[in-house]
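Please read the structure below before turning to the comments.
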Amino acid sequence: MGTHQFINKFPLALILQLVSVYLRKIIIRMKVINIGLSLLLFTVACQQSGKKQGDQVQLNRDTATTIAAVAEPGKYQYLKNGDTISLTIAIDGNRVHGDLSYRWKEKDRNIGHIDGVLKDSIVLADYTFASEGQQSVRQVAFKFSKNRAVEGFGNMEEKGGKMSFVAPDKLSYDEKFALEHVSQ
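Take the sequence shown: its position 68, counted from the start at 1, is 68 in our numbering, and no numbers get skipped.
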């Protein structure tokens with residue numbers, strides 16, 4: 001039986017209906033395959049996300065260990081020509097607090113407290129201090145390296161009743177006033 005005879009035996013509507021049923025089955029299979037592939041991709045993506053999150057937690061632990069190794073709690077001091085800078089810090093995670101004093105030979109003293117944040121071996125803190133009987137607040141920065149703390153300097157402006165660095169990420173650190181870590 002040739003193709004022409006087959007078409008004559010079956011009406012065109014029946015042939016179209018059979019083709020339609022066949023195509024629907026193919027489309028349903030494609031949808032099932034697409035849903036299956038989507039679920040597979042979703043599962044893989046979730047596992048990748050979990051790995052990245054785990055890596056981030058490990059990175060945070062490593063960073064905290066590095067920071068703790070660089071910025072050690074305790075006392076740091078600069079002593080030269082009758083001038084003294086003393087910094088005593090305690091570290092709690094990335095929070096830092098402690099005491100800071102400047103005693104310049106033949107000049108006023110500043111004695112106060114710092115409260116700030118430790119990030120990438122740099123402490124950026126508010127320094128609340130008394131000088132000439134008045135209480136003031138200004139921002140200070142110290143960069144920590146092996147057993148040393150070096151104060152950062154930069155342009156400042158008054159913001160909200162305190163002197164703050166204009167660009168804390170662009171400070172210069174002067175090694176000539178390096179504070180050495182001392183045992184207590």
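Where is the CB? At the ideal position from N, CA and C, for every residue including glycine. Note that the structure is a prediction, hence the values are computed from the model and not measured.
query	result
When you compare only the Cα positions, how much space is there between L124 and A45?	38 angstroms
Here's a check: name, in chain order, each residue in its chain whose Cβ is nearer than 7 angstroms to the Cβ of G154, leaving out the five neighbours to either side.	F165, V166, A167, K170, L171 and S172
Grouping DSSP H, G and I as helix and E and B as strand, with all else coil, what is A90?	strand
Would A71 and I85 qualify as a contact pair, given that the criterion is a beta-carbon distance under 8 angstroms?	no
Have a look at H97 and H113 and give me their C-alpha separation to the nearest angstrom.	7 angstroms
With DSSP run on the structure shown, which of helix, strand or coil describes L118?	strand
Report buried or exposed for Y22, applying the criterion of at least 16 other Cβ atoms within 10 angstroms of its Cβ.	exposed
Buried or exposed: which applies to L59, given that a residue is buried once 16 or more other Cβ atoms fall within 10 Å of its Cβ?	For L59, the predicted structure reports a pLDDT of 46, less than 50, and the residue's modelled location is therefore unreliable. A value from the coordinates is still provided. Classification for L59: exposed.
Please classify V166: does DSSP put it in a helix, a strand, or coil?	coil
Please classify F42 as buried or exposed, where buried requires at least 16 other C-beta atoms within 10 Å of its C-beta.	exposed
Could you have a look at T65 and say whether DSSP puts it in helix, strand or coil?	Confidence at T65 is low in this model, with a pLDDT of 45, below 50, so the placement of that residue should be treated as unreliable; the coordinate-derived value is given next. Looking at T65 - three-state DSSP - the assignment turns out to be helix.
To the nearest angstrom, how far is it from the Cα of N147 to the Cα of G160?	34 angstroms
Under the rule that 16 or more other beta-carbon atoms within 10 Å means buried, what is I28, buried or exposed?	exposed
Sort D108, R138 and S145 by Cα distance to E132 and report the nearest one.	D108
Within a Cβ cutoff of 6 angstroms, which residues of the same chain sit near F142, ignoring the five residues on either side of it in sequence?	V123, A149 and E151
Can you name, in chain order, every residue of its own chain whose Cβ lies under 7 angstroms from the Cβ of K111, other than the five neighbours on each side?	The residue asked about is misnamed: residue 111 is Ile in this sequence, not Lys. Here the set comprises S101, F129 and A130.
With distance defined between alpha-carbon atoms, name the residue in Y78, V117, H181 and G82 nearest to D174.	Y78
For I89, which option in Y76, D83, G82 and S145 has the closest C-alpha, if you only look at C-alpha atoms?	Y76
Within 10 angstroms of the Cβ of L195, are there 16 or more other Cβ atoms? Answer buried if so, exposed if not.	With the chain represented from 1 up to 184, any question about residue 195 goes unanswered, as that position is not in the structure.
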